[in-house]
Structure formats: structure tokens, C-alpha cells
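Report on the following structure.
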Amino acid sequence: MANPTQQNSLYKKPIQKRLSLPLFLTLAIVTLLSVGGLGIWPVEKQMKENLAAQLKIVLSGNLESLRVWAEGTKLDAQVLVNQPVIHQSLISLLEMAQSEAIGPDVLRYSVELSWLRKSLGMACKTYGFIGFVVFDTSALEVGALLEKPIGTRELGRHFDFFYRSLQGDTVVS
405 MANPTQQNSL YKKPIQKRLS LPLFLTLAIV TLLSVGGLGI WPVEKQMKEN LAAQLKIVLS
465 GNLESLRVWA EGTKLDAQVL VNQPVIHQSL ISLLEMAQSE AIGPDVLRYS VELSWLRKSL
525 GMACKTYGFI GFVVFDTSAL EVGALLEKPI GTRELGRHFD FFYRSLQGDT VVS
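Using my numbering, the first residue of the sequence shown is number 405, and each one after it goes up by one.
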């Protein structure tokens, strides 16, 4: 038969094995979580950098597309305005507006503006423009597709496109 010390050692061995296994598993899990947690930060940082780079590329592409579209639209507007018949009607309308005796109603119902509305109105629909505005050098609106603003200086005071147009720019807004 086994002596008491041998029996005691039989009971102690499995208890030590039982304690070392959970301790080992706990340490292994903590180690894996630590390594995994530390590994996530660089991956997350790299993903953010990649996303930022992709967004910059998309933004620059969109800006370039917008620039090309705006240039094309300006060229379309320049071609329309520089047609001899339209150009002459614009000059006649501007000369008419210089007279102090001419009021907004005369401008609204002038032959020149009626013709411009018909011609440029169709072109505006074709090109997708909302309308057109004709200013004199004092920011007086002498012609437009709409009735209301003619004879006022409201748009010229509030918008940058009036000042840019005075410098010879074709302005699309």
C-alpha cells in the first residue's frame, strides 16, 4: 500500500496541473489581445491614410471636371454673345439705356430685348442656362430673361460677377 506522502503527492499533481492550465490560457489570451490590440492601431492608421489619399484624388478629379465644365460653359456663352446679330442687339440695347428719357418699361418692351429674349432664351434652354442679364457700366440692369430686375441695380451691387464682367470676363454663375 502507498504511504501517506505518496498519496498526498498524487492529489497535489492534478491540482497543480489544473491551476497551471487556466493560468496559461489566461496569459495566452492576454498576450494575444495585447498583440492584436497593438496591431490594430497601425492598421487603422494606414487605412485612414489610404482613405485620405483616395479622397484627395477624388476631390482633385471632381475639381478638374468642374473647371473643364465651367470653361466649356464660358466658351458657349462667349460664342453666343459674339454672334454678330446678338452682339449688335446688345449694343443697341445698351445705347438705348444710356438715354435719361428711357425708363424700365421702354427697355422691357423694346424690340432689341424682345429679340434677345427669344434668341437667347432658346439658347439658354439648349445649353441649360437659367437665363441671361445685361448690365451697363453703372450696374443698371438693362436686359434680362426675367422681367422683374430690369431697371434696377440690385444684382450689380450684391454680386461679384458684375465687377468681373466689367473687366471683360464672360461670367457664368
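Just so you know, even glycine gets a beta-carbon here, dropped at the ideal spot from N, CA and C.
Own chain residues within Cβ distance below 7 Å of residue i, not counting five before or after
i      : result
TYR531 : ASP480
ALA501 : LEU511, ASP540, LEU544 and VAL546
ILE444 : none
SER464 : none
GLY535 : CYS528, ALA548, LEU549 and LEU550
Whole-angstrom C-beta distance between residue j and residue i, which should lie under 8 Å
i      : j      : result
SER503 : LEU520 : Contact flag wrong, Cβ pair sits at about 18 Å.
GLY507 : GLY555 : 7 Å
LYS478 : THR574 : 5 Å
Own chain, CB closer than 8 Å to residue i, minus 5 neighbours either side, in chain order
i      : result
LEU497 : LEU511, SER514, GLU516, LEU517, LEU520, VAL538, VAL546 and GLY547
GLU551 : ARG512
ILE490 : LEU484, LEU520, SER523 and LEU524
ARG557 : SER542, ALA543, LEU544 and GLU545
PRO553 : VAL537, GLU545 and LEU559
heavy atom of the ligand MG below 7 Å from residue i C-beta
i      : result
LEU436 : In the structure shown, the ligand MG is absent, as is every other ligand, since no ligand is present at all.
Opening and closing residue of the alpha helix (DSSP H) in which residue i lies
i      : result
GLU545 : Counting along the chain, GLU545 falls outside any alpha helix (DSSP H), though it belongs to the beta strand (DSSP E) covering 545-548.
ASP564 : 564-570
Same chain only: Cβ atoms within 6 Å of residue i, ignoring 5 sequence neighbours per side
i      : result
LEU484 : ALA527
(message) With a threshold of 8 Å, are at least 3 pairs of Cβ atoms found where one atom belongs to the region 563-570 and the other to the region 510-528?
(response) The region 563-570, when compared against the region 510-528, does not touch it at the 8 Å Cβ threshold.
(request) Kindly provide the ranges of any alpha helix (DSSP H) runs that are 4 or more residues long and lie completely inside the region 438-502, ordered along the chain. (result) Within the region 438-502, the complete alpha helix (DSSP H) runs of at least 4 residues are 488-502.
(request) Could you name each continuous alpha helix (DSSP H) segment of 4 residues or more that falls completely within the region 508-558, going from the start of the chain to the end? (result) 508-512 and 515-531
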